[in-house]
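J.: The numbering used here puts the first residue of the sequence shown at 1, with every later residue one more than the last.
Here a beta-carbon is modelled for each residue, glycine too, at the ideal position from N, C-alpha and C.
Keep in mind that this is a model prediction, so the values were computed, not measured.
Let me give you the structure first, and then I'll get to my questions.
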Amino acid sequence: MKNLLPNPYLLGFGITLLCYILIYGLKRMLSIRLGEYLHKTKKNKWDDIVVNTFEQTKHFFMLGSAIYIAFSYMPHHKEYNLYVDRAWFILLMIQVAIWANCLLDQWIVSSINRKTRHNRAAASSIGLLKLVSKFMLFSIVFLFTLNNLDIKITTIVAGFGVGGIAVALAIQKVLGDLFSSLSIVLDKPFVVGDFIIMDQYLGEVEKIGLRTTHIRALGGEQIIVPNSDIMGTRIRNMKRMHERRVALLFSLKLETEPEGIESAVSVIKAIVAAKPNVRYDRCHLSHITRTSFDIELIYFYLSDDYNLHMDMQEQILLEIYKAFRSEKLDFAYPAQVLHHIPSENMQRPLDYISSIDGKRLT
């Protein structure tokens, strides 16, 4: 037994095992105690985020820390201290990156849930920012680790810069889509759930990806458009309408008396002005054509809902039609007047023409 105790490897194994058990037990105890205590504060979500982040402490880090502690009690050459310190520092940086990533994930998810209560379209924007922020996080941790390992990162950064230029030239179309996606997220010309009209395409935005945007057309098909093409065209966002301008034209027959036209204008104005969520603008006799008197009606429906707008327009048109029927006002219809020339007059066209002028041609 005495011969076994001085064995440095057995001693190191024992210290490693003891330290690992202590570290793991401390982690479990703190997680349980903190969870029980912070569970009482339901209104504050940051305490849950802290507990969940602390629970992401990995076994490789706890085992590496136990070995690092045990190594200091074992006989060894001092030149090994530098390598052991650097190895443990690398493990520490990996664990810090995991903690930071978990904290970032929970904060972003919490932000998505909070934003989507008021605007479900914000999820896609936050999702892209999540990807960018994670890339920046791991890049910073990686460069910080290299710098503390006495590795000159200026050469690496310069190499990444030159290589980045070469890659950018090779995939400039992809990068154009990525930057366009970032522009969509920051500028927000539209978000998920908006109904947009873009050139000959129209539909509801389903997803804003890194390279493409998915639009669900009215016919049911899915339209996938590159983000760079979207930013290079004009977009009409119908979802952001605060009110909808409606222009209607009613044509009356030319036989309609002036009093009938005045009555029609008054009836239309009274019907529209009495409707809820409708702002009456004007109603006038706008044109006199060869076949009709045209009355133009302009009003605003105070909502962006297309179905409600069509329901209201249907009510207005039906009431105007009923009112015109009761006032005995007839709508005009396309007509063309034909003048028939008798056959006997066709044999003497000059006599027929001269008789119209009241003169006789010889």
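#1: If I'm right that V272 touches Y301 with Cβ under 8 Å, what's the distance once you round it to whole angstroms?
#2: Take K188 as the anchor and find which of A332, V51, I151 and N227 has the nearest alpha-carbon.
#3: Among the candidates W107, G64 and I98, whose CA atom is the shortest distance from the CA of A87?
#4: Below 7 Å between beta carbons: does that hold for I215 and G203?
#5: Under a Cβ-count criterion, where at least 16 other Cβ atoms within 10 Å of its own Cβ denotes burial, should S181 be classed as buried or exposed?
#6: Have a look at I49, W99 and E221 and flag the residue whose alpha-carbon is nearest the alpha-carbon of K364.
#7: To the nearest angstrom, how far is the alpha carbon of K423 from that of Y306?
#8: For I295 and A270, what's the separation of their Cα atoms in angstroms?
#9: If you drop the 5 nearest sequence neighbours on each side, which residues of the same chain put their C-beta closer than 6 Å to that of L11?
#10: Where does P258 sit, in a helix, a strand or coil, going by DSSP?
#11: Do the CB positions of A97 and T16 come within less than 7 Å of each other?
#12: For D177, which option in I224, F138, F195 and D194 has the closest C-alpha, if you only look at C-alpha atoms?
#13: Tell me the residue span of the beta strand (DSSP E) that contains R282.
#14: Roughly how many angstroms separate the alpha carbons of F61 and D150, rounded to a whole number?
#15: Is there contact between the segment 306 to 321 and the segment 239 to 250, where contact requires at least three CB pairs shorter than 8 Å?
#16: Could you check if M1 is buried or exposed, using at least 16 other CB atoms within 10 Å of its CB as the buried criterion?
#17: Taking three-plus beta-carbon pairs below 8 Å as touching, is the segment 249 to 257 in contact with the segment 281 to 293?
#18: Mind listing, in chain order, the continuous beta strand (DSSP E) runs of no fewer than 3 residues lying wholly within the segment 177 to 234?
#19: Going straight from the alpha carbon of C283 to that of D304, what length do you get?
#20: Does the separation of the CB atoms of T145 and M93 fall below 7 Å?
#21: In angstroms, rounded to a whole number, what distance separates the CA positions of I108 and L131?
#22: So, at 7 Å on beta carbons, what are the nonlocal neighbours of A138 in its own chain, with the 5 sequence-adjacent residues on each side left out?
#23: For L146, which of helix, strand or coil comes out of DSSP?
#24: Do I196 and F190 come within 7 Å of each other at the CB atom, strictly closer than that value?
#25: Smallest Cα separation from Y20: which of M29, V51 and A66?
#26: For Y299, does the three-state DSSP call read helix, strand or coil?
#27: Taking the beta carbon of I320 as the centre, do at least 16 other beta carbons fall within 10 Å, making it buried, or is it exposed?
#28: Straight-line CA distance for P75 to Y9?
#29: Judging by CA-CA distance, which residue of N52, S110, E262 and D229 is the nearest neighbour of D199?
#30: Go ahead and label M312 buried or exposed: buried means 16 or more other beta carbons lie within 10 angstroms of its beta carbon, across all protein chains shown.
#31: Quick one: using the 10 Å Cβ neighbour count with 16 as the cut-off for buried, is H77 buried or exposed?
#32: Would T213 be called buried (16 or more neighbouring beta carbons within 10 Å of its own) or exposed?
#33: If we count the other Cβ atoms within 10 Å of its Cβ and call it buried at 16 or more, is A264 buried or exposed?
#34: When DSSP builds the beta bridges, which residues end up paired with F250?
T.: According to the structure data:
#1: Not confirmed; about 10 Å, so no contact.
#2: When A332, V51, I151 and N227 are compared, the shortest CA-CA separation from K188 is found for N227.
#3: Closest by alpha carbon: G64.
#4: yes
#5: So S181 ends up on the buried side.
#6: Coverage of the chain is limited to positions 1 through 362, which leaves residue 364 absent and any answer about it impossible.
#7: The question about residue 423 has no answer, for the chain in this structure spans 1 to 362.
#8: 15 Å
#9: none
#10: helix
#11: no
#12: I224
#13: For R282, the uninterrupted beta strand (DSSP E) run begins and ends at V278 to I288, by DSSP.
#14: 22 Å
#15: yes
#16: Because M1 sits at a pLDDT of 39, beneath the cut-off of 50, its placement in the model cannot be relied upon, and the point is left open.
#17: yes
#18: 195 to 198, 201 to 208, 212 to 217 and 222 to 226
#19: 23 Å
#20: yes
#21: Their backbone Cα atoms lie some 11 Å apart in a straight line.
#22: For the sequence presented, residue 138 should be read as Phe rather than Ala. Excluding the 5 residues flanking it on each side, F138 has same chain C-beta neighbours closer than 7 Å at A97, in chain order.
#23: Three-state DSSP puts L146 in a helix.
#24: Taking 7 Å as the Cβ cut-off, F190 and I196 qualify as a contacting pair.
#25: A66
#26: strand
#27: buried
#28: When rounded, the distance between both Cα atoms is 9 Å.
#29: D229
#30: buried
#31: exposed
#32: buried
#33: Burial is judged here by how many other beta carbons sit within 10 angstroms of a residue's own beta carbon; A264 has at least 16 and is buried.
#34: I295
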